[in-house]
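Engineer: Next up is a structure, given as structure tokens.
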Amino acid sequence: MTKKERYEKIITYFKENKPIAETELEYTNPFELLVAVILSAQCTDKRVNVITKELFKRFPTAQKMAEVDSAEVFDYIKSCSYPNNKAKHLVGMAKMLLEDFGNVVPSDIDQLQKLPGVGRKTANVIASVVYNVPAMAVDTHVFRVSERLGLTENAKTPLETEKQLVSNIERELLPIAHHWLILHGRYVCLARSPKCNECNLTQFCDFYSKKQN
Numbered sequence: 002m003t004k005k006e007r008y009e010k011i012i013t014y015f016k017e018n019k020p021i022a023e024t025e026l027e028y029t030n031p032f033e034l035l036v037a038v039i040l041s042a043q044c045t046d047k048r049v050n051v052i053t054k055e056l057f058k059r060f061p062t063a064q065k066m067a068e069v070d071s072a073e074v075f076d077y078i079k080s081c082s083y084p085n086n087k088a089k090h091l092v093g094m095a096k097m098l099l100e101d102f103g104n105v106v107p108s109d110i111d112q113l114q115k116l117p118g119v120g121r122k123t124a125n126v127i128a129s130v131v132y133n134v135p136a137m138a139v140d141t142h143v144f145r146v147s148e149r150l151g152l153t154e155n156a157k158t159p160l161e162t163e164k165q166l167v168s169n170i171e172r173e174l175l176p177i178a179h180h181w182l183i184l185h186g187r188y189v190c191l192a193r194s195p196k197c198n199e200c201n202l203t204q205f206c207d208f209y210s211k212k213q214n
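Under the numbering used here, the residues of the sequence shown are numbered 2 to 214, in order.
As structure tokens, this is what we get:
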């Protein structure tokens, strides 16, 4: 099977079986999504959604968050990973959003990465989810699933994975393809014990093929 055929078959499967694939983070506006994605680093979406329920009541806007010390934000997010750093990032992000971006979450990936706590993955998520920019955010799920399925070859970093996926997936499909791969990794292609017996992609999968030999 050529790489092109592999991509076509896998994308066709997702199109037919997962026509709707979205972030599982709960938010109502770009600012809330930005906060949630910053919190989601090495933390489950389920945990983030529990945290943001109260956090967004207290800090519904960047203005409110920028007015406080990070210690107050910490009290709301202490059950997530790295709460000290994330609290500082959130307050710094809120201040920069107001001072440098006129309280508008930018759509440009490079501009987004100027915000505290926002790396390339987070920037790609915001750009693709909020603004439908053809960007591919690579988290641990996307990195793992892409390699196992054989969509990427010898990718050692998230950026290498991103470049390979972007060069092989149609631009208009990139935002949803990101969610296809994440959700497949979250519920089927698990890190330690992949559910190959429940997976409908095994006939195209490098990992499964090698496992059988």
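For every residue, glycine included, the Cβ atom is placed at its ideal position computed from N, Cα and C.
For P250, which option in Y28, D76 and P20 has the closest C-alpha, if you only look at C-alpha atoms?
Structural biologist: This structure gives no information on residue 250, because the portion of the chain shown stretches from 2 to 214.
Engineer: When the Cα atoms are used, what is the spatial distance from C81 to S71?
Structural biologist: By 1-based counting over the sequence shown, the position of residue 81 is 80. By 1-based counting over the sequence shown, the position of residue 71 is 70. Cα to Cα, C81 sits roughly 15 Å from S71.
Engineer: From the DSSP output, in three-state form, read off Q114 for me.
Structural biologist: On the sequence shown, residue 114 is found 113 positions in, with the first residue counted as 1. It is coil, neither helix nor strand.
Engineer: Under the three-state reduction of DSSP, which class applies to N198: helix, strand or coil?
Structural biologist: Walking along the sequence shown from the start, residue 198 turns up at place 197. If DSSP states are grouped into helix, strand and coil, N198 belongs with the helices.
Engineer: For the segment 192-210 and the segment 53-69, state whether three or more C-beta atom pairs, one from each stretch, are separated by less than 8 Å.
Structural biologist: No: the two stretches stay apart, fewer than three of their Cβ pairs being nearer than 8 Å.
Engineer: Does the count of Cβ pairs from the segment 98-110 and the segment 140-149 closer than 8 Å reach three?
Structural biologist: These segments do not touch.
Engineer: What is the rounded straight-line gap between the Cα of N169 and the Cα of L40?
Structural biologist: Position 168 of the sequence shown, counting from 1, holds the residue named residue 169. Position 39 of the sequence shown, counting from 1, holds the residue named residue 40. Using only the alpha carbons, I get a separation of about 30 Å.
Engineer: Comparing alpha-carbon positions, which option in V131, V130, G151 and N125 lies nearest V139?
Structural biologist: Your numbering for residue 139 matches position 138 in the sequence shown. For the residues V131, V130, G151 and N125, the minimum Cα distance to V139 belongs to N125.
Engineer: So, H142 versus R193, is the Cβ gap smaller than 8 Å?
Structural biologist: Counted from its first residue, the sequence shown places residue 142 at position 141. Counted from its first residue, the sequence shown places residue 193 at position 192. No, the pair does not count as a contact, with Cβ atoms beyond the cut-off.
Engineer: Can you tell me the Cα-Cα spacing of G93 and N198, whole angstroms?
Structural biologist: The residue you call residue 93 lines up with position 92 of the sequence shown. The residue you call residue 198 lines up with position 197 of the sequence shown. Looking at the two C-alpha atoms, the distance is approximately 46 Å.
Engineer: If we count the other Cβ atoms within 10 Å of its Cβ and call it buried at 16 or more, is M2 buried or exposed?
Structural biologist: Against the sequence shown, residue 2 aligns to sequence position 1. Classification for M2: exposed.
Engineer: Return the first residue and the last residue of the alpha helix (DSSP H) that S168 is part of.
Structural biologist: Within the sequence shown, numbered from 1, the residue matching residue 168 stands at position 167. Counting along the chain, the alpha helix (DSSP H) containing S168 begins and ends at P159 to N169.
Engineer: Ends of the alpha helix (DSSP H) at I127?
Structural biologist: The residue labelled residue 127 in the question sits at position 126 within the sequence shown. That run of the alpha helix (DSSP H) goes R121 to Y132.
Engineer: With three or more C-beta pairs closer than 8 Å as the rule, is the segment 155-162 touching the segment 174-189?
Structural biologist: No, the segment 174-189 is not in contact with the segment 155-162.
Engineer: For L91 versus G118, is the C-beta spacing smaller than 8 Å?
Structural biologist: Taking the first residue of the sequence shown as 1, we reach residue 91 at position 90. Taking the first residue of the sequence shown as 1, we reach residue 118 at position 117. Yes, the pair counts as a contact, with Cβ atoms nearer than the cut-off.
Engineer: Expressed to the nearest angstrom, what Euclidean distance is found between the alpha-carbon atoms of E33 and F75?
Structural biologist: Along the sequence shown, read from residue 1 onward, the residue named residue 33 stands at position 32. Along the sequence shown, read from residue 1 onward, the residue named residue 75 stands at position 74. E33 and F75: Cα-Cα distance of roughly 16 Å.
Engineer: Of the choices M137, V130 and E163, whose alpha-carbon is the least far from that of E25?
Structural biologist: The count along the sequence shown starts at 1 and reaches residue 25 at position 24. With distances taken between Cα atoms, E25 lies closest to V130.
Engineer: Ignoring anything shorter than 4 residues or poking outside the segment 14-64, list the alpha helix (DSSP H) runs there in chain order.
Structural biologist: 31-40 and 46-59, all fully within the segment 14-64.
Engineer: According to DSSP, is N86 part of a helix, a strand, or is it coil?
Structural biologist: The sequence position of residue 86 within the sequence shown is 85, counting from 1. Reduced to three states, the DSSP call for N86 is helix.
Engineer: Quick check: the Cα distance between F57 and K47, rounded to an integer number of angstroms?
Structural biologist: Residue numbering aside, residue 57 sits at position 56 when the sequence shown is read from its first letter. Residue numbering aside, residue 47 sits at position 46 when the sequence shown is read from its first letter. So the two alpha carbons sit approximately 16 Å from each other.
Engineer: Starting from L152 and walking both ways along the alpha helix (DSSP H), at which residues does that stretch end?
Structural biologist: By 1-based counting over the sequence shown, the position of residue 152 is 151. Here L152 belongs to no alpha helix (DSSP H), and DSSP marks it neither H nor E.
Engineer: Using beta-carbon positions only, say whether A22 and W181 come within less than 8 Å of one another.
Structural biologist: Counting from 1 along the sequence shown, the entry for residue 22 is found at position 21. Counting from 1 along the sequence shown, the entry for residue 181 is found at position 180. Yes. Within cutoff.
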